[in-house]
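Beneath this line is the structure, given in structure tokens, with notes to follow.
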Amino acid sequence: MSDLSSHQWRKLRDRVLAEESVCWLCGLPIRFDAPPCSTYSPSVDHIIPRDERPDLTYDRDNCRAAHFGCNSGRRERDPVPMRKSRYW
Ligand SMILES: [Zn+2]
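Okay, so the sequence shown: first residue is -17 according to the numbering used here, each after it adds one.
Written out as structure tokens, the structure reads:
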């Protein structure tokens, strides 16, 4: 599995954030002065999730700048139906 702490990823992430300054999920500007891992702080999202296409992890065209909050929120409300039963 690809590693997002790698040098290769950091380089790509820096490049995406240098080229894009608007969150592709909500359309609002990314706050580059926000504290790390806060709602409006910069992060880089994968259009096709890494678990679907791990080979596209380092593909520039599969990466978009996004707020940290929008990025993690997207993962939580993934439209894929949950298969875990919660009827108990
Ligand atoms: Zn956003």
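We put the beta carbon where it would ideally sit given N, CA and C, even for glycine.
Please read all numbers here as calculations on a predicted model, not as lab measurements.
Neighbour-count burial assignment, residue i, 16 or more Cβ in a 10 Å radius
{"i": "L(-6)", "result": "buried"}
{"i": "F50", "result": "buried"}
{"i": "D27", "result": "buried"}
{"i": "C19", "result": "exposed"}
{"i": "I29", "result": "exposed"}
{"i": "T21", "result": "exposed"}
DSSP bridge partner residues for residue i (one or two, in chain order)
{"i": "S25", "result": "A48"}
{"i": "P11", "result": "V4"}
Cβ separation of residue i and residue j, assumed to be a contact under 8 angstroms, to the nearest whole Å
{"i": "S23", "j": "A48", "result": "S23 to A48, Cβ: 10 angstroms. No contact."}
{"i": "R(-3)", "j": "R42", "result": "7 angstroms"}
Given residue i as reference, the closest of the options once Cα atoms are compared
{"i": "S54", "options": "R42, D43, R35 and P31", "result": "P31"}
{"i": "R46", "options": "S(-12), A16 and G9", "result": "G9"}
{"i": "C52", "options": "Q(-10), S(-13) and P11", "result": "P11"}
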